[in-house]
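Using my numbering, the first residue of the sequence shown is number 370, and each one after it goes up by one. Note that beta-carbon positions come from the ideal geometry of N, C-alpha and C, so glycine has one too. Quick caveat, the model's predicted, so the values are computed rather than measured. Working notes, beginning with the structure itself.
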Amino acid sequence: FFFFKQKTAYEMLRSLVGSEMCIRDRDMPKQIITLQIGQCGNQVGLEFWKSLCREHGINNEGALDKYITDKEDNKDVFFSQGNDGRYTPRAVLIDLEPRVINTIQESAFSGLYNPSNMYISKEGTGAGNNWVQGYAQCEQNYEEIIKIIDREADQLENLEGFIMIHSISGGTGSGLGSYLLEKLKDRFPKKLIQTYSIFPNLDPQDVVVQPYNNLLTLKRLTLNADSVVVLDNKALSKFAADKLNIPNPGIVQTNQLTGTILCDSTHPLRSVSYTHLR
């Protein structure tokens, strides 16, 4: 489900595609920075990069697999290529507690990421599933976070915009994500901001403040995001069970499914065919 704010779908697609000259200019693909916010954002983000790597033939160290012969794809949309030929995700990983990012650093894909693009709050206590805590901590640590984003943006010649992956129910994804959305819109007014927002189940919640987190985040998404892709946790679990025949799908399975959805939805941006968007 796509939700467009401030720009019509036509205007969004036109902006993503650019002029006819840009479509035909294969030497200057659009470049996007991915922001992974909180526990959910970083877990889904890891699955997203796994899917991208499989599709482009990039191994978990950032090198092209030997069997890759077709290089006619736009890896540069989401990856930065170093002088050694390795591809690094153009991603900024942000969290207020260290557990998930530490897990990524200890995984088989630890060599894929740029470690200087990871931000963990010095307090390391998280936001306690509280929107206000996440919002306030981002306000306090904003200069450190935006310094990482600015450094990544300054290296690019053709920055198109940002993709944010987050949950609207947790404290970090909702609160920190909301503050960062407001600041990005103000700092990069001509750049597109698209979010992949994971919406929680509507069943009775363990976290009593979750409805407030949802409502406060929805307002910021409405005001500051150009496009919101809604990913419903309950619908994802039902799809995994009914269509993929996975008994009792858990968070691992739904995160893998979500990462695949993200990868597939960005395919037109990474294709050089004239029949696809660029």
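* Is it a yes or a no for the segment 560-569 touching the segment 424-435, going by three-plus beta-carbon pairs under 8 Å? -> no
Inspect the beta-carbon positions of N624 and V413 and report whether they are closer than 8 Å.
yes
Assuming T541 and A496 are in contact, meaning their beta carbons sit under 8 Å apart, how far apart are those beta carbons, in whole angstroms? 5 Å
Check your understanding: Thinking C-alpha only, which one of I620, A604, I518 and L550 is nearest M487?
Key -> I518
DSSP-derived helix/strand/coil call for R395 = Low local confidence applies: a pLDDT of 47 at R395 is under 50, so the model's placement there is unreliable, with the coordinate-based value given in what follows. If DSSP states are grouped into helix, strand and coil, R395 belongs with coil.
Requested in this report: Please list, in chain order, all residues of the same chain as Q341 whose beta carbon is under 6 Å from its beta carbon, the five residues on each side excluded.
Outcome: Residue 341 cannot be examined here, being either before or after the span of the chain that is shown, 370 to 647.
Closest residue to Q579 among N499, G546 and T403 (Cα-Cα distance)
N499
Measuring alpha carbon to alpha carbon, tell me which residue in K491, S547, F557 and D453 is nearest T322. The question about residue 322 has no answer here: the residues shown for the chain are numbered 370 through 647.
Check your understanding: Thinking just about the alpha-carbon of each residue, which of R520, L561 and F478 is nearest to the one in M533?
Key -> L561
*Who does V599 pair with in a DSSP beta bridge?*
S566
Notebook entry, point to check: Should H535 go down as buried or exposed, given a rule of 16 or more other Cβ atoms within 10 Å for buried?
Noted result: buried
(message) Between the alpha carbons of W418 and V577, how many angstroms are there, rounded?
(response) 33 Å
By alpha-carbon positions, which one of R556, N483 and D453 ends up nearest to I463? N483
* To do: Identify the continuous alpha helix (DSSP H) that holds V621 and give its terminal residues.
  => I620 to S634
request  = Can you check DSSP and say which residues form a bridge with A460?
outcome  = T403
Check: Does the beta-carbon of L549 have 16 or more other beta-carbons within 10 angstroms, so that it is buried, or is it exposed?
Finding: buried
At the level of alpha carbons, what is the spacing between A432 and L421? 13 Å
What is the residue span of the alpha helix (DSSP H) that Q502 lies within? W500 to Q509
**Asked** Under a three-way DSSP split, which group does D442 fall into?
**Response** strand
Is the segment 622-637 close to the segment 602-613, with three or more CB pairs under 8 Å? yes
Exercise. Quick one, which of L465, N429 and K552 has its alpha-carbon nearest L494's?
Worked result: Before going further, note that residue 494 is Thr rather than Leu in the sequence given. Nearest option by C-alpha distance: L465.
(request) Specify the secondary structure class of S547 as computed by DSSP and reduced to three states. (result) helix
To the nearest angstrom, how far is it from the Cα of K552 to the Cα of N593? 9 Å
With distances taken between CB atoms, is the gap from E512 to I402 smaller than 8 Å? no
Which residue's Cα is closest to the Cα of D530: N411, K559 and L415?
Sequence inspection shows Gly at residue 530; the Asp mentioned does not correspond to that position. Measuring from the Cα of G530, the nearest candidate turns out to be K559.
(message) Spatial neighbours of G410 within its chain, please: C-beta separation below 6 Å, excluding the five flanking residues on both sides.
(response) I534, H535 and G542
Q: Would you mind reading off the limits of the alpha helix (DSSP H) that contains I534?
A: Segment L528 to S536 is the beta strand (DSSP E) holding I534; no alpha helix (DSSP H) there.
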